[in-house]
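The listed protein sequences derive, respectively, from chains A and B. The numbering used here applies: residue 356 is where the first sequence begins, and numbers increase by one. The numbering used here applies: residue 3 is where the second sequence begins, and numbers increase by one.
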Amino acid sequence: MTDPNLSPASLSEEIEIPESISGLEPVRSVRSPIKLIYDFVPSPPVQEYLRSYSKKKILGHRSPIDGAVFVPPRGVDPRHGALIEESVELSDKGHVGNFCVTNLPIPGRDDLDIPYVSAWIHLDGANVGFLGLVAGCENDEVHIGMRVQAVWKKEEELGNTAENILYWEPTGEPSVPVEKAGNRAWDQRNE
Amino acid sequence: MSAELTAVLGVGQTKYSSTRGDVSIAGLCREAAYRALEDAQLDWKEIDAVVIGKAPDFFEGVMMPELYLAEALGAVGKPILRVHTAGSVGGSTALVAASLIQSRVHEKVLTIGFEKQSESNATWALSLPQPFSVSINAGAGGYFSPIIRQYMSRSGAPELIGCMVAFKDRQHALKNPYAHLHQNDLTFEEVVESPMLWNPIRYSETCPSSDGACAMVLGNEVSGDRAENPVAWVHGTAMRSESNNFPGRDEVNPLASRQCAADVFKQAGITNPLKEIDAVEIYVPFSWYEPMWLESLGFAELDHGWRMVEDGTTSLSGGELPVNCSGGVLSSNPIGASGMIRFAEAALQVRGMAGDHQVDGAKKSFGHAYGGGAQYFAMWIVGAEKP
Chain A
356 MTDPNLSPAS LSEEIEIPES ISGLEPVRSV RSPIKLIYDF VPSPPVQEYL
406 RSYSKKKILG HRSPIDGAVF VPPRGVDPRH GALIEESVEL SDKGHVGNFC
456 VTNLPIPGRD DLDIPYVSAW IHLDGANVGF LGLVAGCEND EVHIGMRVQA
506 VWKKEEELGN TAENILYWEP TGEPSVPVEK AGNRAWDQRN E
Chain B
3 MSAELTAVLG VGQTKYSSTR GDVSIAGLCR EAAYRALEDA QLDWKEIDAV
53 VIGKAPDFFE GVMMPELYLA EALGAVGKPI LRVHTAGSVG GSTALVAASL
103 IQSRVHEKVL TIGFEKQSES NATWALSLPQ PFSVSINAGA GGYFSPIIRQ
153 YMSRSGAPEL IGCMVAFKDR QHALKNPYAH LHQNDLTFEE VVESPMLWNP
203 IRYSETCPSS DGACAMVLGN EVSGDRAENP VAWVHGTAMR SESNNFPGRD
253 EVNPLASRQC AADVFKQAGI TNPLKEIDAV EIYVPFSWYE PMWLESLGFA
303 ELDHGWRMVE DGTTSLSGGE LPVNCSGGVL SSNPIGASGM IRFAEAALQV
353 RGMAGDHQVD GAKKSFGHAY GGGAQYFAMW IVGAEKP
């Protein structure tokens, strides 16, 4: 085996550096942060979804094929390639399908103290989860199946954004059994 | 008409490290490509086409790098093709290259995967804010941690299985001169005491950020017959993908993974993977994915994969099914190359050219890559003999 630390012979030929720059220190790296600002135009179902947040409502889309409810609504059931036109208003209560206790800060979220809990929230009436912050309890109290409800921003601060929900807090209701939590609920519905 | 028999004629890798400050992306790729050609004993002009893969462009911020890399890879005037499948890309790229031989479009193809993580920030590139959801996911670890928690809950695996995988792979890496992490004095206690990043994932149970490239030269049956060095014959290739969020999705054991494995084993005529495969290179960026994939791929019974870790089955030191003898993704992770390294290491094993991490007498081996939210899969089986 060739020594992995040596450059292949044909790649390490001597390069002649012009005299005018031969005394300068070589540049090894240049760090140049970049930023891209763009306008996001949501699809009609997502526009409806974001607008409904300003009224403290969460919308989902119900599949015409088997009644599965998706949130956020995307206008299609990707499993069947079917268009969805039926919106449903979902509860702002649900359960923790799964979660992560994160010890890393996130750029742009200086408001989040670490460690924090990000969780897949499965709303009552929805058949997929979405990500949300769980707070209002100790991190080690969070568990799969824990019942939670949305804590909304004050009325005057509401906008067309999912960020209207500050976090999800425990309701104190009995937990959903682990074997029926998250995505596993769908399989059992069809059994 | 059956597919053309396809052989791995040469493998080339760079020494994986946190920063290859001495070379550009082009220099890095050329180094791996040169070594693959050297191994295949071929010249640039004998290559018909180049197939290249890497992680998304915004990692390094170089858009469509395949265009500027054409010269460095000897592809001027030849077809060059770019493959995009997130973390599984190294594997998918090799499979696209193989398909060009199998379909008799080309006779000899150079394929390469690379990443220069020192010029990029993968964790935050994977945490782009989206207007329709809240921004709280911290990189790949934040995504995979809940899935690992679910596996632990479902299987009843002891808490330190992940640490055992991490320690084993770091021991394997000591036998691989190309591996990034060479932690000679690492103890199991240090792995266990490492800080929690994304509970239940410790820092020690995650992959490093690496610079590196891996290349292979693939050829048709005639090229394989003529090669002076031993070749690896391709016995099966399969790719599958699925959406990352749908009702009833089994995130621990995705349907696409199970179907991909079933397809590749069927092509290779393998009915008992544990008995018939001699060496395995699977994509394990977080330690717990070793037992999870062993189950999904059919090497272990459901909920029992962790027992193969616990009893040493997956260790190079006398285990029945050595897994990631190279040290795996846990010891080297140039993302766009990581899948191809798995495929290339599988080939090295059946060629008998894996050096100190060789599995004695390996005749059939398995290479695997996954990507996205554990939703893109690429797999191949290679053998010392023709299929």
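All C-beta atoms, glycine included, are put in the ideal place defined by N, C-alpha and C. Nothing here was measured: the structure is a model prediction, and the numbers come from that model.
C-beta neighbour in chain B for residue i, strict 8 Å
i: residue 546 of chain A; result: Below a pLDDT of 50, predicted positions are generally treated as unreliable, and residue 546 of chain A, at 47, falls in that range; no measurement from the model is reported.
i: residue 473 of chain A; result: yes
i: residue 483 of chain A; result: yes
i: residue 492 of chain A; result: no
i: residue 434 of chain A; result: yes
i: residue 415 of chain A; result: no
i: residue 438 of chain A; result: no
i: residue 406 of chain A; result: no
i: residue 462 of chain A; result: yes
i: residue 431 of chain A; result: no
i: residue 499 of chain A; result: yes
i: residue 373 of chain A; result: no
i: residue 426 of chain A; result: no
i: residue 478 of chain A; result: no
i: residue 542 of chain A; result: yes
Boundaries of the beta strand (DSSP E) in which residue i is found, first to last residue
i: residue 373 of chain B; result: 366-373
i: residue 235 of chain B; result: 234-243
i: residue 442 of chain A; result: 441-445
i: residue 370 of chain A; result: Unbroken run through residue 370 of chain A: none, as it is neither H nor E.
i: residue 11 of chain B; result: 9-15
Proximity test, Cβ basis, 8 Å: residue i and chain A
i: residue 118 of chain B; result: no
i: residue 248 of chain B; result: yes
i: residue 290 of chain B; result: no
i: residue 201 of chain B; result: yes
i: residue 403 of chain B; result: There is simply no residue 403 of chain B to check, as chain B begins at 3 and stops at 389 in what is shown.
i: residue 334 of chain B; result: no
i: residue 23 of chain B; result: yes
i: residue 17 of chain B; result: yes
i: residue 251 of chain B; result: yes
i: residue 148 of chain B; result: yes
i: residue 342 of chain B; result: no
i: residue 238 of chain B; result: no
Exposure label - residue i; buried when at least 16 CB within 10 Å
i: residue 466 of chain A; result: exposed
i: residue 289 of chain B; result: buried
i: residue 546 of chain A; result: Note that residue 546 of chain A has pLDDT 47, beneath the 50 cutoff, so the model's placement of it is unreliable and the number below is only indicative. Label assigned to residue 546 of chain A: exposed.
i: residue 277 of chain B; result: exposed
i: residue 359 of chain B; result: buried
i: residue 118 of chain B; result: buried
i: residue 130 of chain B; result: exposed
i: residue 242 of chain B; result: buried
i: residue 349 of chain B; result: buried
i: residue 402 of chain A; result: exposed
i: residue 105 of chain B; result: exposed
i: residue 395 of chain A; result: exposed
i: residue 486 of chain A; result: buried
i: residue 272 of chain B; result: buried
i: residue 2 of chain B; result: Absent from the structure is residue 2 of chain B, since the part of chain B shown begins at 3 and ends at 389.
i: residue 151 of chain B; result: buried
i: residue 351 of chain B; result: buried
i: residue 512 of chain A; result: exposed
i: residue 383 of chain B; result: buried
Start-to-end residues for the alpha helix (DSSP H) that takes in residue i
i: residue 174 of chain B; result: 163-175
i: residue 125 of chain B; result: 124-127
i: residue 157 of chain B; result: 141-157
i: residue 37 of chain B; result: 27-42
i: residue 194 of chain B; result: 190-195
Neighbour flag for residue i against chain C, beta carbons, 8 Å
i: residue 445 of chain A; result: The structure shown contains no chain C; its protein chains are A and B.
Check: residue i C-beta below 7 Å from any heavy atom of the ligand MN
i: residue 458 of chain A; result: With respect to the ligand MN, the structure shown offers nothing to examine, as it has no ligands at all.
Problem set entry | Secondary structure, beta strand (DSSP E): runs of 3+ residues fully inside the segment 457-489 of chain A | 471-478 and 485-489
Exercise. Can you list the beta strand (DSSP E) stretches of 3 or more residues lying completely in the segment 257-338 of chain B, in chain order?
Worked result: 281-283
Exercise. Between the segment 376-395 of chain A and chain B, which residues of the former have a C-beta closer than 8 Å to a C-beta of the latter?
Worked result: 383, 384, 389 and 395
Problem set entry | Positions along the segment 502-531 of chain A whose CB lies within less than 8 Å of some CB in chain B | 516, 517, 518 and 520
Exercise. Which ranges does the alpha helix (DSSP H) cover as unbroken runs of at least 4 residues, wholly within the segment 81-128 of chain B, from first to last along the chain?
Worked result: 91-104 and 124-127
Exercise. Given a limit of 7 Å on CB to CB distance, which residues of the segment 162-193 of chain B reach chain A?
Worked result: 179 and 180
Exercise. Got a sec: which bits of the segment 122-146 of chain B sit with their beta carbon under 9 Å from any beta carbon on chain A, in order along the chain?
Worked result: 125, 126, 129, 131, 132, 133, 134, 135, 136, 137, 138, 139, 140, 141, 143, 144, 145 and 146
Exercise. Which of the residues in the segment 253-286 of chain B, read from start to end, lie with their CB under 8 Å from any CB of chain A?
Worked result: 253
For this session: At 3 residues or longer, and completely inside the segment 392-434 of chain A: list those beta strand (DSSP E) runs for me, N to C.
Result: 413-417
Exercise. In the segment 202-227 of chain B, which residues sit with their C-beta less than 8 Å from some C-beta in chain A, listed in chain order?
Worked result: none
Problem set entry | Contact list for the segment 52-64 of chain B against chain A, Cβ threshold 8 Å | 63
Problem set entry | Contact residues within the segment 59-93 of chain B, judged by C-beta distance below 8 Å to chain A | 63
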